Amino acid sequence: MAIWKTHIQRLPPLFAVVLLLLAAAPSVRAGSPAVVVVLDKLCLPGEEIHMEATLYRSGLLGLFKGGIQGELLQFIDPHGNPIRDLLTDPSGSARILFTAGQPGRYPFTVCLVDNPRYAADPATGNLFVRKKKMPLVFVSVEAGLMPAVTTPLLSRDPETIEAEPGSAQALSKVAECHMPVYLTQAARRSSQPTRIWLEQKGYPPGPIYFLDRPLMEGILSEAPPPQTDVLEKLWKERSVQAYLLTSDPGLARVAADKGFRVLLLQPQGSPGDASSLEKKEDTENITYIQEWSKIPEICPCKKKGR
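Counting the sequence shown from 1 gives a position; my numbering is that position plus 16.
Below is the structure:
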């Protein structure tokens, strides 16, 4: 410490203050910055499901690096009780097996156990347990709730984006008897900004799932169609209709071929307007929507007694 004092005395006062603050910083919060991300999950009552968390390195300007292996994460149940401490695997992830109870929303919090290497705030993800006969409504976030962009490869800051007018009100009405599932093309480690945006804009609660972007999306005009594996795995009760709300024509066609009832959001006069499609097979299982207010009429709640 004597050496530090000697060097500081030789510097201008402002520089000396800066160095003192830097030297004191580790004592306030030790370790390199890291971020815990907890994924949402959807299941049925009595089903066994893994709740998963990942610990990421935090880079400059809020960017994330790879996962951190060998650190201890503590899982806390919806009642605030610690469940178990687990070490992260080579990808930085840890997971616990949980048996779902009655339908509802169950928050799980995950904390990084204190250590001198990394520091991270706790994070929360949600387990949504739904009734078996409750219809699913998949909703595209970037290509549906947010205005469309011409360069999908570029990430957008959700804080600067306004929601499509009327979308929160319409979806809240649909959610009275449907389970909304939000589909995002954001990176898994950036799920928290998406969750905050949905809450701030007044959208009904629902799990966030991830659609992997085709590698050449936004570069080639004939990019591979989006994968629908996530949608198909969650649609377990095929006797109940599942819906997809999106403004992505490619995703709409793939989902329609899989049996989903697709509501393709197309503002009047846009290049993807229904009037521009002449072939009958192009509109099979696809309904073109120009106003969000029409959606509750297409996804109505069944009256009691029927």
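The beta-carbon is built from N, C-alpha and C at its ideal position, and this holds for glycine as well.
Note that the structure is a prediction, hence the values are computed from the model and not measured.
With DSSP as the reference, label residue i as helix, strand or coil.
{"i": "Gly82", "result": "strand"}
{"i": "Gln216", "result": "helix"}
{"i": "Pro174", "result": "helix"}
{"i": "Thr210", "result": "helix"}
{"i": "Pro312", "result": "helix"}
{"i": "Leu267", "result": "helix"}
{"i": "Arg100", "result": "strand"}
{"i": "Ala159", "result": "helix"}
{"i": "Arg204", "result": "helix"}
{"i": "Ala164", "result": "coil"}
{"i": "Ala272", "result": "helix"}
Using beta-carbon positions only, say whether residue i and residue j come within less than 9 Å of one another.
{"i": "Arg204", "j": "Val53", "result": "yes"}
{"i": "Ala135", "j": "Val126", "result": "no"}
{"i": "Leu260", "j": "Val153", "result": "yes"}
{"i": "Gly141", "j": "Pro123", "result": "yes"}
{"i": "Val190", "j": "Ile311", "result": "yes"}
{"i": "Leu60", "j": "Lys147", "result": "yes"}
{"i": "Leu55", "j": "Ser207", "result": "yes"}
{"i": "Gly120", "j": "Phe144", "result": "yes"}
{"i": "Pro265", "j": "Ile212", "result": "no"}
{"i": "Leu267", "j": "Pro242", "result": "yes"}
{"i": "Ala186", "j": "Trp308", "result": "yes"}
{"i": "Ser109", "j": "Gly86", "result": "no"}
Terminal residues of the continuous alpha helix (DSSP H) containing residue i?
{"i": "Val190", "result": "Ser183 to Val190"}
{"i": "Ala55", "result": "Rather than Ala, the amino acid found at residue 55 in this sequence is Leu. Segment: none, Leu55 is in no alpha helix (DSSP H) and carries neither H nor E."}
{"i": "Gly141", "result": "No alpha helix (DSSP H) contains Gly141, which is instead part of the beta strand (DSSP E) from Ala139 to Val145."}
Tell me which residue opens and which closes the beta strand (DSSP E) that residue i is part of.
{"i": "Val246", "result": "It is not in any beta strand (DSSP E) - Val246 instead sits in the alpha helix (DSSP H) that spans Asp245 to Leu250."}
{"i": "Ser156", "result": "Leu152 to Ser156"}
{"i": "Ala136", "result": "Per DSSP, Ala136 belongs to no beta strand (DSSP E) and is neither H nor E."}
{"i": "Leu280", "result": "Arg277 to Leu281"}
{"i": "Glu68", "result": "Glu64 to Ser74"}
{"i": "Val256", "result": "Here Val256 belongs to no beta strand (DSSP E), and DSSP marks it neither H nor E."}
{"i": "Val129", "result": "Per DSSP, Val129 belongs to no beta strand (DSSP E) and is neither H nor E."}
> How about the region 210–226 and the region 193–202: do they share at least three Cβ pairs that are nearer than 8 Å?
Replying inline: yes
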